[in-house]
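K.L.:
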Amino acid sequence: MVLEIIVATIAVIANCAIAFLVFVHNRRSATTRFFFYLSLAIIAWIVATFLSLHSATEVQKLFWTRAVMLTATAQALFFYLLVITFPDARLPLASNRYKFILGAGLLVAITALSPFLFTHLELQPNSSYSPIPGPGMALFLPYALGLVVSGLWVMIRKFRHSHGVKRNQLKLLLAGTGLMFILIIVFNLLLPLLANISSGVDFSPLFPVIFVGFTAYAIITQHLFDIRVIIRRTIIFAGLLTIVFGIYSAIIVLVTQLFQQNINTRESFFTNLFAALVIGFTFEPLRRWISDRTDQWLFKKEYEQQTVLKELGQKLNNVVGLDEALESVMQTVAKVLHLKHAVTYVFQPGENNTTAIKRVKQVGYSTAAKLILEDRDFTVQYFSQTPTICLTSDLRTELEQEEALIEQNKVEATFIRQHAIKQAVLKKLESMEVAAAVPLQLNNQPIGLLLLSDKLSGETFRTQDLALLELVGAQAISSIQKAKLFEGDQMKSEFVSIASHELLTPISAIEGYLSMILEENIGKVDPQARDYLNKVYTSAKRLSLLIKDLLSVSRIESGKMKIDAQQLDISKMINDTLDQLKFVAADKKLEMKFESTEKNLPPVWADPDRTMQVLVNLVSNAIKYTPKGNVTITAKSDKHLGIVTVTVADSGLGMDKDQMSHLFTKFYRVDTPQTTGIQGTGLGLYITKSIIEKMGGSITCKSVVGQGSTFSFTLPIFKVETSVVA
Ligand code: ADP
C-alpha cells in the first residue's frame, strides 16, 4: 500500500515534469500538445483510480469510478491524436472523420459521468464494491477500445515505414503506450467485466510508470520532443544555485566560527564582501564545469555554435579555391554533427529557366555512383525552388499526408504532379542516404545545394543543428559568391591585359607617325591641318595613357606586376621628374621646386621605372589640379624607421574629407565645376598606391579645399624581402 502510493506519486510527478517540459518547449506542435494532454489525462486517471480505491463513502466511490472512465476516454482520445500527428503533423480538423471522433468523445465523456455507464455499486461477498455496467458501456467500449487499438495500429504502420531515429522513437513510444494500455484494458476492463476479478485494479496506478519510463528514455536517448536543451539549462541553473548558495553559507559560517560570533557590522560587511568576491570569481568556471558535466551526460558531444562558425570562418579565409572552401564547409559540418557524408552542388542557370549543375564536391561518399549528376534530375529542380532547409523525414511525413488527401480525391492535377515530383525527390534522397537538404539561395536565385547524411549515431537533426546549418549555408553561399567574383575578375583582367597589349601597338604607331608629321619631317603641314593633327595627337596620347594605365591595373590585379628593387638615388629621380614636367608647369605659370632638407639622402630600395611612374603621376596631378601658385617637392629620411618620405605639395583645388575617402580607388575622379575639363582616367592614384605598397612603402594625403593638397609617400632604405601587397 505504501509502496503503491510512493510509486504512484513518483509517476504523477514524473509525468507532470515531462508533460510540462514538452509543452513549454514546443507549444505550437500538435504532437507535443497532444502528448501534454495525454499526460494530463494519465495524471487525472491515476488520481481518480487512487481515490476510487480509497473512498470513504459509497457515493464518493461511485463518483470516482465514473471519473476513472472519463479520464480513460480522454486518454484514448489524446493517444489516438498524438499518434496521428506524430512526429509533427497538423491535425486535419476540417475532415469529417475528426469531427466525428471529437463529437463522439464528448458524448462518451458525458455518458461516463452519468448512470448510463455505471448504474450503481454492488456489494460483493468479499465485502468489496463492484460497479455495475449500464447501457452506456455499449458506447464506451467500442469508442475507447477502438481508438486505442487503431492508435496502436497506426503507430505500428508508422513504425514499419520509418527510418533511423524516428523508428527508434516510435519503438519506445509504442512499447510504453502499448504495454500501458494492454495492462489497463486487461486488469481494469476485461477482468472485472468478464471474469468479475477486480483485484488487478489496485495496481493500476502503477501502469503509467511504464509509459513515463519509456518516454523519458526516448527523450534522453532518442531526442524525442527535443527537450534536452531545456533539461540542460534547468540542471545548470539549479546546480549553480545550489553550489553558490553552499559556498556563500560555508564562508559565512566559517568566519562566524572563527571570530566566535563576536562579529560587528563592519566585519560582517567584509565577510559578505569576501564571500561575494569568491563567488564572483568562481561563478564562470563553475558554470562551465557544470555545463560540461551535463553535456557529457545529456549530449555526449555537444558543440558551441559560435566556436564552430568562428573556426569555419578562419578556415575559409585561408583557402583560395572553391573546391577547398566547400570541402572545409562540409568537413566542419560532418565533424560537429557526426555525419557519414555530405555533398555540395554548385548551380548555374540552365536551358529554359532550369537549373544546371556546375560543380559537385563531396566528402565521405565511397563511390560517386550515388550522387546526382544529371541536370534534369528532379532533386536539382525541386531544391532550386525551395528556399528552406528540408529534412528527409519531414518530406516523408508530408507525402504521407498528401497521399491521404489524394485518396480522398480532394486534389487537383497540379497537386498530384507536385506530389509525384516530391516522391521522386524523396526516393533520390533516400538512395543517397541524405537526411537534410540545405538549399543555397542568394536573392531568391538558386546557387547551390548542400546534402547531408544521417548522423552516425542515428539521431535526428535538432533545432539547434538546423540553426547551425542555416549559418553554415550562408558561409557556403558567400564562398560560392566569392569564387564567382574571382572567376569574373580573372576573366576581366585577362581580357583587359590581352586587349591592352593589342591596342598598344597600333596606338604607338599612330603616335609615332603623327609626331613625325607634326615635326614636318615629311613635308610642310598646313596650319589648319596642324590644328586638327594636334588634336588627334593629344587624343592619341590620352588613349595610349589610358591603355597603359589599364595594363598596369590588370598587372596589379593578376599579381603580375614585377618589382625589380635596387638601390636608387631618390633626389636624382625627383630632379629627373621635374625636368620632364617643367614645361607643363611653366605653361600654367606654376612655380615648381624640389627642397631637400638633407644634403645626402640615403639611397632607397625601389624599382626605378615604377618609382618614376609614381613621381610623374603625383607631380603631374599636382600640376593638373593647381590653377595657380606652386608645386613643392620635399624629401627627408628617418634612419630609425628606415624610410625616406617624399612629399608633393601643391596650392591647388584641394579636396574635402568625403572626396579624399575615395582617393586611391579605381576610376574615382572628383567631380566639381573646377575639375571639369581636366583630363584623366581616375586610375593614377590607384596604381600609385599599389606600386608603393608593393615596394614596401605607404602613401597618405592631406588636403584642404581651396588651399591645396599634400601627398606623402615612403620608400624603404633597406631591402624589403617580402612585398606588403601581392
Ligand atoms: P586622374 O587621372 O583623374 O588624375 P588619379 O587617380 O590620379 O586620376 O586621381 C584621382 C582623382 O583625385 C583626380 O580625378 C582628382 O580629382 C583627385 N586628385 C588627385 N590629385 C590631386 C591633387 N593634387 N589635388 C586635387 N585633387 C587631386
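In our numbering, the protein residues as written are 1023 to 1748. Beta carbons are placed, not taken as given, at the ideal position from N, Cα and C, and that holds for glycine. Computed from a prediction, not measured in an experiment: that's the story for all the values here.
1) In the DSSP assignment, what are the bridge partners of P1468?
2) Cutting at 8 Å between CB atoms, please list the residues of its own chain near S1745, excluding the five before and the five after it.
3) For E1579, which option in A1033, D1476, A1458, L1705 has the closest C-alpha, if you only look at C-alpha atoms?
4) Which class does D1224 belong to by DSSP, given the choice of helix, strand or coil?
5) My output table needs one value for F1138: the three-state DSSP class, helix, strand or coil.
6) What separation, rounded to the nearest whole angstrom, lies between the Cα atoms of L1573 and S1530?
7) Take the Cβ of R1182 as the centre, count every other Cβ of all protein chains shown within 10 Å, and call the residue buried at 16 or more, exposed below.
8) Whose CA, out of Q1681, A1098, L1104, lies closest to the CA of A1126?
9) Per the DSSP calculation, L1143 is bridged to which residue(s)?
10) So, is M1538 buried or exposed, given that buried needs 16 or more other C-beta atoms within 10 angstroms?
11) Using a threshold of 8 Å, is the CB atom of A1644 nearer than that to any non-hydrogen atom of the ligand ADP?
12) Would you kindly work out how many angstroms separate the C-alpha atoms of L1043 and L1060, rounded to a whole number?
13) Reducing DSSP to helix, strand and coil, say where I1035 ends up.
14) With distances taken Cα to Cα, identify the nearest neighbour of L1413 among S1136, K1477, K1337, F1225.
15) Quick one: is A1076 buried, meaning 16 or more other Cβ sit within 10 Å of its Cβ, or exposed?
16) Who are G1730's beta bridge partners in DSSP?
17) Verify the contact flag: T1697, CB atom, against every heavy atom of the ligand ADP, threshold strictly below 8 Å.
18) Give the C-beta separation of I1592 and V1626 to the nearest angstrom, bearing in mind that I take them to be a contact with Cβ-Cβ under 8 Å.
19) DSSP beta-bridge partners for P1738?
20) How long is the line joining the alpha carbons of S1501 and L1338, rounded to whole angstroms?
21) Kindly indicate which three-state DSSP category Q1701 falls into: helix, strand or coil?
22) Count the other CB atoms within 10 Å of the CB of F1100; is the residue buried (16 or more) or exposed (fewer)?
23) Going by DSSP, what residues sit across from F1616 in a beta bridge?
24) Might you give, ordered along the chain, the residues of its own chain that have their beta carbon closer than 6 Å to the beta carbon of P1153, omitting 5 neighbours on each side?
25) Considering just the uninterrupted stretch of the alpha helix (DSSP H) at R1055, what are its terminal residues?
26) In whole angstroms, what is the alpha-carbon distance linking S1720 and G1664?
27) With DSSP as the reference, label D1693 as helix, strand or coil.
28) Can you find a C-beta in chain C that's less than 9 Å from the C-beta of R1182?
29) CA-CA distance, V1692 and S1561?
30) When DSSP builds the beta bridges, which residues end up paired with P1409?
31) In chain order, what residues of the same chain have a beta carbon less than 6 Å from the beta carbon of G1730, not counting five sequence neighbours either side?
32) As a quick exercise: from T1656, D1629, P1649, pick the residue whose alpha carbon is nearest that of T1619.
33) Does the separation of the CB atoms of A1070 and T1093 fall below 9 Å?
34) Could you tell me if the beta carbon of L1565 falls within a distance shorter than 8 Å of some heavy atom in the ligand ADP?
35) Grouping DSSP H, G and I as helix and E and B as strand, with all else coil, what is Q1430?
36) Excluding the 5 residues preceding and the 5 following K1762 in the sequence, name in chain order all residues of the same chain whose CB lies nearer than 6 Å to its CB.
P.N.:
Taking the coordinates as given:
1) Along the sequence shown, read from residue 1 onward, the residue named residue 1468 stands at position 446. According to DSSP, P1468 bridges with Q1463.
2) In the sequence shown, counting from the first residue as 1, residue 1745 sits at position 723. Because the pLDDT at S1745 is just 41, under 50, the model does not fix this residue reliably, and the value given afterwards should be weighed accordingly. For S1745, where only same-chain residues beyond five positions count, the Cβ hits under 8 Å are I1585, E1715, K1716, M1717, G1718.
3) Here residue 1579 refers to the residue found at position 557 when the sequence shown is read from its first residue. Of the candidates A1033, D1476, A1458, L1705, the one whose C-alpha sits nearest the C-alpha of E1579 is L1705.
4) On the sequence shown, residue 1224 is found 202 positions in, with the first residue counted as 1. Note: D1224 maps to helix in three-state DSSP.
5) In the sequence shown, residue 1138 corresponds to position 116, counting from 1. Looking at F1138 - three-state DSSP - the assignment turns out to be coil, as it is neither helix nor strand.
6) The sequence position of residue 1573 within the sequence shown is 551, counting from 1. The sequence position of residue 1530 within the sequence shown is 508, counting from 1. Taking the straight line from one Cα to the other gives about 14 Å.
7) Here residue 1182 corresponds to residue number 160 of the sequence shown, with the count starting at 1. By the neighbour-count rule (16 or more Cβ atoms within 10 Å), R1182 is not buried but exposed.
8) Here residue 1126 corresponds to residue number 104 of the sequence shown, with the count starting at 1. Among Q1681, A1098, L1104, the Cα nearest to that of A1126 is on A1098.
9) Along the sequence shown, one-based indexing puts residue 1143 at 121. For L1143, which the question treats as bridged, DSSP gives the partners P1153.
10) Indexing the sequence shown from 1 puts residue 1538 at position 516. Exposed: under 16 other Cβ atoms inside 10 Å.
11) What you label residue 1644 is simply residue 622 of the sequence shown in a count that begins at 1. A1644 Cβ: within cutoff of the ligand ADP.
12) Your numbering for residue 1043 matches position 21 in the sequence shown. Your numbering for residue 1060 matches position 38 in the sequence shown. One C-alpha to the other measures close to 14 Å.
13) Looking up residue 1035 in the sequence shown gives position 13. The answer is helix: DSSP assigns I1035 an H, G or I state.
14) In the sequence shown, the residue the question calls residue 1413 occupies position 391. For L1413, the nearest C-alpha among the options comes from K1477.
15) Numbered from 1 along the sequence shown, position 54 holds the residue referred to as residue 1076. Here residue 1076 turns out to be His, not Ala, going by the sequence shown. By the neighbour-count rule (16 or more Cβ atoms within 10 Å), H1076 is not buried but exposed.
16) Looking up residue 1730 in the sequence shown gives position 708. V1726, per the DSSP bridge assignment.
17) The sequence position of residue 1697 within the sequence shown is 675, counting from 1. Answer for T1697: yes, Cβ within range of the ligand ADP.
18) Counting from one through the sequence shown, the residue named residue 1592 turns up at place 570. Counting from one through the sequence shown, the residue named residue 1626 turns up at place 604. Rounded, the Cβ-Cβ distance is 5 Å, consistent with contact.
19) Along the sequence shown, one-based indexing puts residue 1738 at 716. Beta-bridge pairing links P1738 to I1665.
20) As a working note, residue 1501 is residue 479 in the sequence shown. As a working note, residue 1338 is residue 316 in the sequence shown. Whole-angstrom Cα-Cα distance: 8 Å.
21) To locate residue 1701, count along the sequence shown from 1; it is residue 679. Correct three-state label for Q1701: coil.
22) The count along the sequence shown starts at 1 and reaches residue 1100 at position 78. F1100 should be labelled buried.
23) Numbered from 1 along the sequence shown, position 594 holds the residue referred to as residue 1616. Beta-bridge pairing links F1616 to I1655.
24) Position 131 of the sequence shown, counted from the first residue, corresponds to residue 1153. The answer, listed in chain order, is T1087, F1140, L1143.
25) Position 33 of the sequence shown, counted from the start, is the residue given in the question as residue 1055. Note, R1055: alpha helix (DSSP H), 1052–1075.
26) As a first step, residue 1720 is located in the sequence shown; it is residue number 698 there, counting from the start. As a first step, residue 1664 is located in the sequence shown; it is residue number 642 there, counting from the start. S1720 and G1664: Cα-Cα distance of roughly 13 Å.
27) Looking up residue 1693 in the sequence shown gives position 671. Reduced to three states, the DSSP call for D1693 is coil.
28) The chain inventory of the structure shown lacks chain C, comprising one protein chain alone.
29) Position 670 of the sequence shown, counted from the first residue, corresponds to residue 1692. Position 539 of the sequence shown, counted from the first residue, corresponds to residue 1561. Answer to the nearest angstrom: the Cα atoms are 21 Å apart.
30) As a first step, residue 1409 is located in the sequence shown; it is residue number 387 there, counting from the start. Note: P1409 sits in no beta bridge, so no partner.
31) Indexing the sequence shown from 1 puts residue 1730 at position 708. Excluding residues within five positions, the ones whose Cβ falls inside 6 Å are D1672, S1673, G1674, G1676.
32) As a working mapping, residue 1619 is identified with position 597 in the sequence shown. Measuring from the Cα of T1619, the nearest candidate turns out to be T1656.
33) Taking the first residue of the sequence shown as 1, we reach residue 1070 at position 48. Taking the first residue of the sequence shown as 1, we reach residue 1093 at position 71. Yes, Cβ-Cβ distance for A1070 and T1093 is below 9 Å.
34) As a position in the sequence shown, residue 1565 is number 543, starting the count at 1. No; taking the cut-off as 8 Å, the Cβ of L1565 has no heavy atom of the ligand ADP nearer than that.
35) Position 408 of the sequence shown, counted from the first residue, corresponds to residue 1430. Q1430: coil per DSSP, three-state reduction.
36) Coverage of the chain is limited to positions 1023 through 1748, which leaves residue 1762 absent and any answer about it impossible.
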